[in-house]
Each structure stands twice: as structure tokens, then as C-alpha cells.
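Enquirer: Have a look at the structure that comes next, please.
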Amino acid sequence: MEIPKLYQDYFKQNEFKALTKIQETVYMPFKEGKDLIAMAPTGSGKTLAFVMPMLETIVPKDGLQVLILEPSQELAMQVRDVIQPLAKLVDCKVQALTGGANPVRQLKKLKEKPEIIVATLGRLNELVESRKVKLGKINTVIVDEADEMLNESKLESVRSTISEMPADVQMTFFSATGNDIYNDMHKWFGQDFLLIDQRNDTSYTSGIKHYFVEANSDYIKSAMIRELAHNKKFLGIVFFNNSRSLHKVISSLNHDKTNFVSLDSKMSSQQRKTALQLFSTKKVNLMLTTDVAARGMDINNINTIVNFMIPRDDSEYVHRAGRTGRMGKKGNVITFGNNHDFRNLKDLVEVKVNTAYITNDGKLTEEYVPFTKNVRREESVEKTHKSKPKKRRRDQKNKGYHPNKK
Numbered sequence: 001m002e003i004p005k006l007y008q009d010y011f012k013q014n015e016f017k018a019l020t021k022i023q024e025t026v027y028m029p030f031k032e033g034k035d036l037i038a039m040a041p042t043g044s045g046k047t048l049a050f051v052m053p054m055l056e057t058i059v060p061k062d063g064l065q066v067l068i069l070e071p072s073q074e075l076a077m078q079v080r081d082v083i084q085p086l087a088k089l090v091d092c093k094v095q096a097l098t099g100g101a102n103p104v105r106q107l108k109k110l111k112e113k114p115e116i117i118v119a120t121l122g123r124l125n126e127l128v129e130s131r132k133v134k135l136g137k138i139n140t141v142i143v144d145e146a147d148e149m150l151n152e153s154k155l156e157s158v159r160s161t162i163s164e165m166p167a168d169v170q171m172t173f174f175s176a177t178g179n180d181i182y183n184d185m186h187k188w189f190g191q192d193f194l195l196i197d198q199r200n201d202t203s204y205t206s207g208i209k210h211y212f213v214e215a216n217s218d219y220i221k222s223a224m225i226r227e228l229a230h231n232k233k234f235l236g237i238v239f240f241n242n243s244r245s246l247h248k249v250i251s252s253l254n255h256d257k258t259n260f261v262s263l264d265s266k267m268s269s270q271q272r273k274t275a276l277q278l279f280s281t282k283k284v285n286l287m288l289t290t291d292v293a294a295r296g297m298d299i300n301n302i303n304t305i306v307n308f309m310i311p312r313d314d315s316e317y318v319h320r321a322g323r324t325g326r327m328g329k330k331g332n333v334i335t336f337g338n339n340h341d342f343r344n345l346k347d348l349v350e351v352k353v354n355t356a357y358i359t360n361d362g363k364l365t366e367e368y369v370p371f372t373k374n375v376r377r378e379e380s381v382e383k384t385h386k387s388k389p390k391k392r393r394r395d396q397k398n399k400g401y402h403p404n405k406k
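In terms of full-length UniProt numbering, the sequence shown has 74 at position 74, counting the first letter as 1, and numbering is strictly consecutive.
In C-alpha cells, the structure reads:
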């Protein structure tokens with residue numbers, strides 16, 4: 001299939017030479033109004049896969065017709081930004097509705113009657129309940145990152161939202177990984193779905209290499225991250241399984257005056273926006289985060305992903321890895337841990353994982369190199385901290401203090 005004439009200039013401007021497989025296979029079924037589930041690797045162009053046929057179904061100036069549901073504020077804004085220049089080609093408007101944004105400004109823009117809304121569930125539900133947004137004339141609903149959006153905590157909210165739409169609304173679901181619920185979609189949504197599965201298409205992830213780096217303590221891991229960040233060619237994201245580990249490393253890197261940004265679910269919308277802007281404009285080359293930013297975030301030329309610890313499951317690994325090597329570019333995924341972690345990682349993921357090492361100047365190599373940069377200093381600092389209470393106890397004892405003395 002050739003690039004549709006409407007989008008040829010856009011493809012040329014962005015140096016896209018042809019449609020990807022997911023874009024090609026989704027185009028006609030979507031345009032024909034079929035209910036579908038589409039899966040494809042991260043970085044294979046899923047957003048454009050639904051945006052292109054969706055825009056060709058829009059009737060300009062005819063009110064709200066398409067709703068796109070996203071799992072995070074950042075992803076909603078990103079998809080909105082992808083749609084905006086293309087929406088102008090068909091004379092229609094798109095608006096993002098997310099929590100944390102200025103509600104007065106959102107309501108003012110809603111009065112312009114956008115044909116497309118990209119929203120997070122929480123903010124959308126608030127506006128539907130207050131009757132500021134009406135879903136009664138929606139023609140198409142697109143659930144992005146569907147494997148997450150249909151998990152136990154969000155499924156009922158998604159179903160409730162869709163129930164506000166016409167009975168014949170077109171339902172489409174897009175994701176990079178599977179979900180057991182895909183086998184029971186008729187039960188949950190009352191329709192049969194066309195399944196388009198392009199997950200085996202590795203042509204867009206062939207540039208990604210997967211490595212395991214032995215690091216037996218958080219001190220060594222932090223020291224390695226610090227040296228990676230000092231490498232001028234490095235542009236990477238470090239993922240943590242929980243906020244506690246994230247903030248521990250934040251404190252360590254702040255102490256060493258390492259330049260980085262962090263993303264956490266507790267940050268305000270403006271704080272997250274500022275962090276993403278600094279990172280995406282390459283003013284900072286290191287981002288630390290939990291999985292808030294794992295899904296769908298498309299930042300150009302990220303060359304390294306680091307798992308501070310082994311991801312909890314294969315799906316989590318896939319979504320993290322998908323931030324690098326997008327559209328066939330080269331990228332590295334590094335996972336830290338001990339020998340036991342390495343065995344678990346190989347059981348967890350389907351890709352080949354090689355052993356690698358980080359040098360004292362922050363480079364990745366498959367040849368053995370011992371990492372010693374500042375590790376002893378950090379460990380000695382920790383020992384000093386642990387010994388302080390004992391020292392104070394001795395000082396108190398020398399002054400006549402006794403723990404049982406009243």
C-alpha cells in the first residue's frame with residue numbers, strides 16, 4: 001500500500017519513507033468502521049496507524065466525533081501534538097483533556113467544539129459527569145495502550161465511558177503487548193473484534209541490543225549511572241520498580257552534583273512537563289523514573305535504557321525497551337543485577353541478553369573491564385554513617401551516661 005496522498009508531504013517532512021506494517025494493515029479496516037484490536041512492537045508507528053484513517057472519517061464542523069483514551073497526561077499531550085498538524089489538513093480541531101491542566105482554559109477551548117478529544121479517564125469522567133462533555137455523538141473510540149487501560153483497575157471505567165456512546169460506536173484498541181482480556185472482548189464490550197497482530201514484526205526493533213551488567217549493590221549501580229551520564233554521547237532513561245529506590249538514587253546523584261531530571265507520579269503536571277522538556281531538548285541527558293514514562297513516550301534519539309532492577313514482567317520490559325531503537329534506530333537496553341537476577345531475566349524475556357560491562361568513563365563494552373570508579377569512596381561513606389551512633393554512645397558513656405540509669 002502506498003502512502004495516502006493526503007499525508008505524503010507529512011511523511012516527506014518527517015523522513016518517513018513508507019507505511020509500516022501496522023499502518024498498512026490497520027488502514028482499511030479502521031476506515032471501514034470495523035471494531036478492532038491492533039498489536040505491534042513499540043516504535044512501529046501505532047499512533048499514526050490510527051490517526052491517518054481516523055482523520056479521513058471526520059466531518060469538519062460537526063461536533064465531537066472521536067475520543068482517544070490515554071493512560072497518562074504526558075501520553076495524551078504527545079498524541080495531541082502528533083494529531084494537530086495533520087488535523088489541519090482536514091480542517092478539524094483536536095483538544096487534550098488531562099488532570100493537572102488549567103480547567104478554565106480547558107472549558108474555554110471546549111466551546112470551540114473540537115472534533116477530536118484526547119483524554120485521560122479521570123479528567124474526562126469529571127467533565128462528563130458535569131455535562132461539560134457529551135459523548136452521545138461519538139463515532140469512534142480509540143483506546144491506546146489497551147493492555148494497561150483494560151487492566152482490573154481501569155476496565156470498568158473504560159466500559160462505563162463507552163456505554164455513554166451510541167450503541168454502534170466503532171471501538172478500537174491499540175497496544176504493544178497482549179492482555180488475556182482480548183480473548184473475552186465480546187463478553188465485556190458486546191462485539192466481535194478483528195484482531196491484527198504484528199508483534200512478530202521485529203524490523204523496527206532490530207537495532208536494539210539487550211545487555212546484563214553485574215552490579216551487586218545500589219552503590220555500584222548509582223556509580224555506574226553517574227559515569228554513564230558523564231558520557232557526552234549518552235541519552236538515556238533509568239527505570240525503577242518503586243519510588244523508594246528512585247528517591248534513594250536521586251539523593252545519591254544530587255550529592256555528586258550529577259545533572260539529571262526525574263519523573264514521579266507524585267510530581268505536579270507542570271513539574272513533569274518541565275522535566276520532559278529539559279530531557280527531550282537534550283539540555284539534560286539522564287532521566288530517572290518509575291513506569292510513569294514507560295508507555296508510549298516518544299522522545300527522539302534515546303540511545304540507552306537502564307533497568308535499575310529486573311522488571312516485574314515481560315510486558316514491563318517490552319514497554320521500557322520501546323523507548324529506544326524506535327523505527328529501526330540503534331539502542332541499548334541494560335539491566336543491572338547479580339547472577340541470580342541474570343538467570344531470572346533470561347527466563348523472563350524472549351530476546352537474547354548478552355553480558356556487558358560499564359567502563360570507568362561511562363562506556364558500554366562486551367569485553368571484561370572492572371568497574372572501580374568512586375565505588376570505594378561511596379562504600380566507605382556508608383560505613384562511616386553506620387558507625388556514628390556507636391561513637392555517640394561511647395561519648396555518652398564516657399560522660400557517665402548509663403542506659404538503665406534514671
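Idealized CB from N, CA, C, for every residue including glycine.
Rounded to the nearest angstrom, how far is the Cβ of L278 from that of V261, given a contact under 8 Å?
Expert: 5 Å
Enquirer: Going by DSSP, what residues sit across from Q95 in a beta bridge?
Expert: I117
Enquirer: Quick one: grab the DSSP three-state call for V169.
Expert: coil
Enquirer: In terms of residues, what are the limits of the beta strand (DSSP E) holding D197?
Expert: L194 to D197
Enquirer: Leaving aside the five residues before and after M149 along the sequence, list all residues of the same chain whose C-beta is less than 7 Å from its C-beta, in chain order.
Expert: L69, P71, V143 and V158
Enquirer: For Y368, count the other beta carbons within 10 Å of its own beta carbon; 16 or more makes it buried, fewer makes it exposed. Which is it?
Expert: exposed
Enquirer: Rounded to the nearest angstrom, what separates K134 and D91 at their Cα positions?
Expert: 22 Å
Enquirer: Per DSSP, which one or two residues make a beta bridge with M39?
Expert: BP columns for M39 point to S175 and D197.
Enquirer: Going by other Cβ atoms of all chains shown within 10 Å of its Cβ, with 16 needed for buried, is N14 buried or exposed?
Expert: Exposed, because fewer than 16 other Cβ atoms sit within 10 Å of the Cβ of N14.
Enquirer: Considering only the alpha carbon of each residue, which of R326, G328, E350 and Y317 lies closest to I334?
Expert: With distances taken between Cα atoms, I334 lies closest to Y317.
Enquirer: Measuring straight from C-alpha to C-alpha, what distance separates Q73 and P103?
Expert: The alpha-carbon of Q73 is positioned some 14 Å away from that of P103.
Enquirer: Using only CA atoms, which one of T140, N354 and T372 lies nearest to N360?
Expert: T372
Enquirer: Could you give the distance in angstroms between the alpha-carbon of V249 and the alpha-carbon of N259?
Expert: 13 Å
Enquirer: Straight-line CA distance for V353 to K137?
Expert: 49 Å
Enquirer: Excluding the 5 residues preceding and the 5 following R343 in the sequence, name in chain order all residues of the same chain whose CB lies nearer than 7 Å to its CB.
Expert: Excluding residues up to 5 positions away in sequence, nothing lies with its Cβ nearer than 7 Å to the Cβ of R343 in the same chain.
Enquirer: Report all residues from its chain with a CB closer than 7 Å to the CB of R377; omit the five preceding and five following residues, and keep chain order.
Expert: Interpretation of R377 is limited by its pLDDT of 46, a score under 50 that renders its predicted location unreliable; the figure taken from the coordinates is listed afterwards. Cβ neighbours of R377 beyond the five flanking positions: none.
Enquirer: Verify whether the separation of the beta carbon atoms of E119 and L97 is less than 8 Å.
Expert: In the sequence as presented, Glu is not what sits at residue 119; that position holds Ala. Yes; because the gap between Cβ atoms is below 8 Å, this pair is in contact.
Enquirer: Can you list the alpha helix (DSSP H) stretches of 4 or more residues lying completely in the region 201-244, in chain order?
Expert: 218-230
Enquirer: So is D147 buried or exposed if we call it buried at 16+ other beta carbons inside 10 Å?
Expert: buried
Enquirer: Which value, in whole angstroms, describes the spacing of the CA atoms of N311 and Q8?
Expert: It is worth fixing the name first, because residue 311 is Pro in this sequence and not Asn. Whole-angstrom Cα-Cα distance: 39 Å.
Enquirer: So the candidates are H247, D218 and D256; which of them puts its Cα closest to the Cα of H230?
Expert: D256
Enquirer: Less than 8 Å between the C-beta atoms of L36 and L286, yes or no?
Expert: no
Enquirer: Go through its chain and collect everything with a Cβ distance to F11's Cβ below 6 Å, but skip five positions before and after it.
Expert: The answer, listed in chain order, is I3.
Enquirer: Report the residue from S44, Q78 and I83 whose alpha carbon sits nearest the alpha carbon of E56.
Expert: I83
Enquirer: At what residue ranges does the region 245-312 contain a whole run of the beta strand (DSSP E), taking only runs of 3 or more?
Expert: 261-263, 286-289 and 304-307
Enquirer: Does the structure place the region 43-60 close enough to the region 16-29 that three or more beta carbon pairs sit under 8 Å?
Expert: Remark: three or more beta-carbon pairs, one from each stretch, lie closer than 8 Å, so the region 16-29 and the region 43-60 are flagged as touching.
Enquirer: Hey, E32 and M1: beta-carbon distance below 8 Å or not?
Expert: no
Enquirer: Would you report the Cα separation of V213 and L228, rounded to the nearest angstrom?
Expert: 13 Å
Enquirer: May I ask you to list the residues that DSSP assigns as paired with N82?
Expert: It is worth fixing the name first, because residue 82 is Val in this sequence and not Asn. Paired residue(s): none; V82 is not in a bridge.
Enquirer: Run the CB neighbour count on A215, radius 10 Å, all protein chains shown included, and call it buried at 16 or more, exposed below.
Expert: buried
Enquirer: Expressed to the nearest angstrom, what Euclidean distance is found between the alpha-carbon atoms of D347 and M309?
Expert: 15 Å
Enquirer: Which whole-angstrom value is the C-beta distance of L64 and V141, which I expect to be below 8 Å?
Expert: Not confirmed; about 11 Å, so no contact.
Enquirer: Return the Cβ separation of G43 and Y204 in integer angstroms, given the expectation that the two are a contact with Cβ distance under 8 Å.
Expert: Indeed they touch by this definition, with Cβ atoms about 5 Å apart.
Enquirer: How big is the Cα-Cα spacing for K282 and L235?
Expert: Looking at the two C-alpha atoms, the distance is approximately 8 Å.
Enquirer: Can you tell me where the alpha helix (DSSP H) with L155 in it begins and where it stops?
Expert: L155 to S163
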